[in-house]
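Chains as they are written, first to last, in this note's numbering: chain L, 220 to 362; chain D, 220 to 362.
See structure below.
2 protein chains.
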Amino acid sequence: MNIGEAAKASGVSAKMIRYYESTGLIPAAGRTGAGYRVYSDTEVQMLRFIRRSRDLGFPVEKIEELLALWRDRSRHSADVKRLAQEQIEGLQRKIIEMQAMKETLQHLAEACCGDMRPDCPILIDLGCGPNSIKDHTLTRFGQ
Amino acid sequence: MNIGEAAKASGVSAKMIRYYESTGLIPAAGRTGAGYRVYSDTEVQMLRFIRRSRDLGFPVEKIEELLALWRDRSRHSADVKRLAQEQIEGLQRKIIEMQAMKETLQHLAEACCGDMRPDCPILIDLGCGPNSIKDHTLTRFGQ
DNA sequence: CTTGACCTTGCCATCATTGGAAGGCCTATC
DNA sequence: GATAGGCCTTCCAATGATGGCAAGGTCAAG
């Protein structure tokens with residue numbers, strides 16, 4: 220199987236397969252006489268593993284650890300679970316952060332008429348620094 | 220006010236102030252005879268505007284539009300509100316995406332004993348492709 | 001033998017930010 | 001006046017994961 224077929228079969232682009240090889244995430248593939256990379260089913264499965272891990276938001280650094288555990292038949296499932304838990308916590312942190320951004324923006328947008336007049340509490344808030352929501356929107360809405 | 224003081228007053232690092240100037244997001248600052256950048260209160264307020272917008276997740280490209288509206292006294296608040304709404308929608312999309320990742324991982328982690336044995340549904344799932352959660356975790360939990 | 005689809009390497013771009021190196025300026029102290 | 005240190009300047013590089021492009025080699029079908 221050449222790189223294009225492996226890409227289709229795994230869902231990882233040919234570009235990224237070469238990149239993963241260059242960074243050492245995956246071992247160097249075998250080559251034909253003409254220099255084409257050759258992939259076995261096992262290697263395609265490894266690529267799918269990577270693809271799925273990326274889809275779950277794991278950074279490549281963590282995928283390296285996951286792959287090592289995947290290959291290690293004497294692994295402890297606790298180690299895998301710990302990596303998953305860390306990833307869950309990281310995702311949760313980001314979700315909370317973005318939720319906070321969203322809510323702040325929603326308060327501001329609600330306070331903005333959105334008509335042809337120039338007066339805009341969103342711009343006022345942006346111009347007044349990080350605590351301005353307390354000074355404007357919240358008091359304005361009695362929260 | 221020189222760049223270090225402006226950085227402290229605005230919360231934008233000196234490094235980033237120079238960067239924003241180089242990309243044209245902010246106009247070039249005045250200079251002393253020795254070539255030091257000089258900032259007025261108005262410019263510091265603009266930097267705070269940028270900082271606050273970044274904190275709300277706006278990409279620099281959108282901040283450019285926001286700044287233009289901020290400076291335009293004949294702006295329509297509808298334009299500002301539209302930018303805010305777009306940002307809210309973008310945040311919401313990312314939140315949903317990360318929530319889905321988190322939930323998938325949580326299902327997998329719940330199914331993993333997390334002990335010293337090597338058997339691990341997380342690794343099985345990662346090795347089996349994007350729909351494997353249906354094949355394993357969900358049926359395993361009868362969902 | 002040509003054509004087109006595929007492969008190779010290598011370099012550039014993204015986006016926002018940080019870091020470092022090499023050198024100039026300013027202020028205070030000796 | 002010399003010197004130390006802290007600030008400033010510019011330029012260059014790297015981050016992480018990915019896409020894109022270009023120049024050239026290879027393979028398979030016609």
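All C-beta atoms in this analysis are idealised placements derived from N, C-alpha and C, irrespective of residue type, glycine included.
I'd like the list of long-range same chain contacts for residue i, defined as Cβ closer than 7 Å, with 5 residues on each side in sequence excluded.
i	result
S229 of chain D	V263, L266, R267, R270
S232 of chain L	A226
R237 of chain L	none
E284 of chain D	L302
I245 of chain D	Y239, M265
S272 of chain D	I282, L285
A287 of chain D	none
Can you tell me where the alpha helix (DSSP H) with residue i in it begins and where it stops?
i	result
A330 of chain D	296-330
G333 of chain L	Unbroken run through G333 of chain L: none, as it is neither H nor E.
S232 of chain D	Careful: S232 of chain D lies outside any alpha helix (DSSP H) and carries neither H nor E.
Does DSSP put residue i in a helix, in a strand, or in coil?
i	result
R256 of chain D	strand
R292 of chain D	coil
D338 of chain L	coil
E265 of chain D	Rather than Glu, the amino acid found at residue 265 of chain D in this sequence is Met. Reduced to three states, the DSSP call for M265 of chain D is helix.
S272 of chain L	helix
L285 of chain D	helix
L244 of chain D	coil
H355 of chain L	The pLDDT assigned to H355 of chain L is 41, lower than 50, so where the model puts this residue is not dependable, and the model offers no usable value.
Between the Cα of residue i and the Cα atoms of the options, which residue gives the shortest distance?
i	options	result
L345 of chain L	D:T242, D:L275, D:Y255, D:E305	D:L275
T251 of chain L	L:M317, L:I222, L:I307	L:I222
F277 of chain L	L:S296, L:Q306, L:R292, L:I341	L:Q306
G333 of chain L	D:A287, D:K300, D:S293	D:K300
E308 of chain L	D:K321, D:A287, D:D291	D:K321
D260 of chain L	L:A253, L:G254, L:A248	L:A248
L310 of chain D	L:E316, L:R290, L:K281	L:E316
D338 of chain L	D:Y255, D:D291, D:E280	D:D291
E224 of chain L	L:T242, L:S241, L:G243, L:R256	L:R256
Counting only the same chain and skipping the five closest in sequence on each side, list residues whose C-beta sits under 6 Å from that of residue i.
i	result
M220 of chain D	Y258
Which partner residues of residue i appear in the DSSP bridge assignment?
i	result
E249 of chain L	Rather than Glu, the amino acid found at residue 249 of chain L in this sequence is Gly. Partner(s): L:V257.
Between which residues of its own chain and residue i is the CB-CB distance below 8 Å, once the five residues before and five after are set aside?
i	result
I352 of chain L	Confidence at I352 of chain L is low in this model, with a pLDDT of 42, below 50, so its placement is unreliable and the value that follows should be read with caution. Excluding residues within five positions, the ones whose Cβ falls inside 8 Å are T323, H326, L327, D344.
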